[in-house]
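All remarks here apply to the structure that follows.
In structure tokens form, the structure reads like this:
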């Protein structure tokens, strides 16, 4: 696209977390995409990043025009041994950069990296069954609806659902790990 800023992906570094905190804060304050009720600061998010890395999982950032414009990461779905081949992911793009392809770049790279690490399933836990944009985004990237947990969150003076979507990685469940 002519005139569009350069868009790149890379691994997150410690210096990214002021920008990451700013991106995430809007989702926490203004949407039900996150069930957090107060935005975590950069130091808290940096600790979460360290925990993700300690588990050997990726935390990516997308840059647009040289600025952090989005992030995505995978985390263990559950700590019990039987879940060891399943990850859950989170993805957030700066409001001014939505619908420009950054989310697609992030999720496709995250899927590829997690598959290469031997994970077989990726779970999306989407805040709010009214979040058509996120549900549609995930469907376009190979996730299928796995269920809805009704009224499991309470935010902005109303009950909020969680939509569960899942996508196989690599062979998925078609072969033994």
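Numbering (my numbering), first residue to last: 26 to 202.
Beta carbons: idealized from backbone N, C-alpha and C, even for Gly.
Candidates the options, of which the one nearest residue i by Cα
i	options	result
residue 205	127, 73 and 153	One cannot answer for residue 205 here, as it falls past the ends of the chain, which runs 26 to 202.
residue 141	116, 193 and 117	193
residue 163	114, 121 and 82	114
residue 33	49, 54, 86 and 202	86
residue 55	172, 173, 120 and 143	120
Beta carbon proximity, residue i to chain C, threshold 9 Å
i	result
residue 169	The structure shown has no chain C; it contains just one protein chain.
For residue j and residue i, believed in contact at Cβ under 8 Å, the rounded distance
i	j	result
residue 187	residue 195	Their Cβ separation, rounded to whole angstroms, is 26 Å, which puts residue 187 and residue 195 out of contact at 8 Å.
residue 118	residue 98	Contact flag wrong, Cβ pair sits at about 13 Å.
Span separating the alpha-carbon of residue i from that of residue j
i	j	result
residue 166	residue 75	27 Å
residue 139	residue 107	17 Å
residue 12	residue 170	There is simply no residue 12 to check, as the chain begins at 26 and stops at 202 in what is shown.
residue 27	residue 176	The pLDDT assigned to residue 27 is 39, lower than 50, so where the model puts this residue is not dependable, and the model offers no usable value.
residue 45	residue 82	18 Å
residue 190	residue 116	14 Å
residue 40	residue 60	25 Å
residue 143	residue 80	13 Å
residue 31	residue 131	15 Å
residue 37	residue 174	31 Å
Contacts around residue i, its chain only, beta-carbon distance under 8 Å, and the 5 residues preceding and following it disregarded
i	result
residue 42	67, 68, 70, 71 and 74
residue 35	85, 86 and 88
residue 145	110, 111, 193, 194, 195, 196, 197, 198 and 202
Other residues of its chain near residue i: CB distance less than 6 Å, five sequence neighbours each side excluded
i	result
residue 50	64
residue 172	189
residue 53	59, 61 and 64
Same chain, Cβ closer than 7 Å to residue i, neighbours up to 5 away in sequence not counted
i	result
residue 239	Lying outside 26 to 202, the shown extent of the chain, residue 239 is not represented and no answer is given.
(message) Using 8 Å as the cut-off, can you tell me whether the segment 132-149 makes contact with the segment 174-182, which would need three or more C-beta pairs spanning the two stretches below that distance?
(response) no
(message) Could you check whether the segment 90-103 touches the segment 113-128, counting it as contact only if at least three pairs of C-beta atoms, one from each stretch, sit closer than 8 Å?
(response) yes
(message) Could you check whether the segment 128-145 touches the segment 61-73, counting it as contact only if at least three pairs of C-beta atoms, one from each stretch, sit closer than 8 Å?
(response) no
(request) Give a yes or no on contact between the segment 96-105 and the segment 157-172, applying the rule of three or more CB pairs nearer than 8 Å. (result) Flag = no, the segment 96-105 and the segment 157-172 do not touch.
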